[in-house]
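The next block holds one structure in the form of structure tokens; read it before the comments.
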Amino acid sequence: MKRELNIFFTTTISSSLKKLSEDTKPTWGTMTAKKMLIHLMQSSKMMHLGNAKLVIKEKHIKKAIAFLYTNKPISRGIEIPKDISYNFNDGIAEDIEELNAEQWLLFQKKHFTHHLSQFGLL
């Protein structure tokens, strides 16, 4: 798994993003290419700035973490809760659970795969 994650983060993302332009249209959803990149950067900052928390209610956490270890993709059309704050100094929410480093990488791989696929880059 470690080798697969390394290839994804060192090769797959950069080769996919080389095919992206400001005019690239999504195959589904309403995000623009620019908004998708900002969204992925915000998600990455959450992991690197000490806010390594998943916005999931505690009663769903075991199922959500188990999902990270599957080959199932993130579903299309998931809405981000409007009350999520992107102020990285203040944290995200109160009723959340922390992920370990491996789980964050698995989440980011699924998340990047979801959006790169959304724009036909994978």
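Residue numbers (this note's numbering): 117 to 238. Cβ atoms here follow ideal geometry from the backbone N, Cα and C, with glycine treated the same way.
Beta-carbon gap between I129 and F228 smaller than 8 Å | On the sequence shown, residue 129 is found 13 positions in, with the first residue counted as 1. On the sequence shown, residue 228 is found 112 positions in, with the first residue counted as 1. The Cβ-Cβ distance between I129 and F228 falls below 8 Å.
Whole-angstrom distance between E120 and L133, CA atom to CA atom | Here residue 133 refers to the residue found at position 17 when the sequence shown is read from its first residue. Here residue 120 refers to the residue found at position 4 when the sequence shown is read from its first residue. Spanning the two alpha carbons is a distance of roughly 18 Å.
N187 (DSSP reduced to helix, strand or coil) = Along the sequence shown, one-based indexing puts residue 187 at 71. Looking at N187 - three-state DSSP - the assignment turns out to be coil, as it is neither helix nor strand.
Reduced DSSP secondary structure (H/G/I, E/B, other) of N122 = Taking the first residue of the sequence shown as 1, we reach residue 122 at position 6. Note: N122 maps to helix in three-state DSSP.
Please state if the CB of K226 and the CB of I190 are separated by a distance shorter than 8 Å.
-> For the purposes of this step, residue 190 is taken as residue 74 along the sequence shown, with counting starting at 1. For the purposes of this step, residue 226 is taken as residue 110 along the sequence shown, with counting starting at 1. In terms of Cβ geometry, I190 and K226 form a close pair [threshold 8 Å].
Whose C-beta lies closer than 8 Å to the C-beta of G116 among residues of the same chain, with five residues either side of it excluded?
-> An answer regarding residue 116 cannot be provided, because it is not within the stretch 117 to 238 covered by the chain.
Beta-carbon proximity list for D206, same chain, < 7 Å, skipping 5 on both sides | For the purposes of this step, residue 206 is identified with residue 90 of the sequence shown, where counting begins at 1. Low confidence applies to D206: its pLDDT is 43, below 50, so where it sits in the model is not reliable enough to give any reading.
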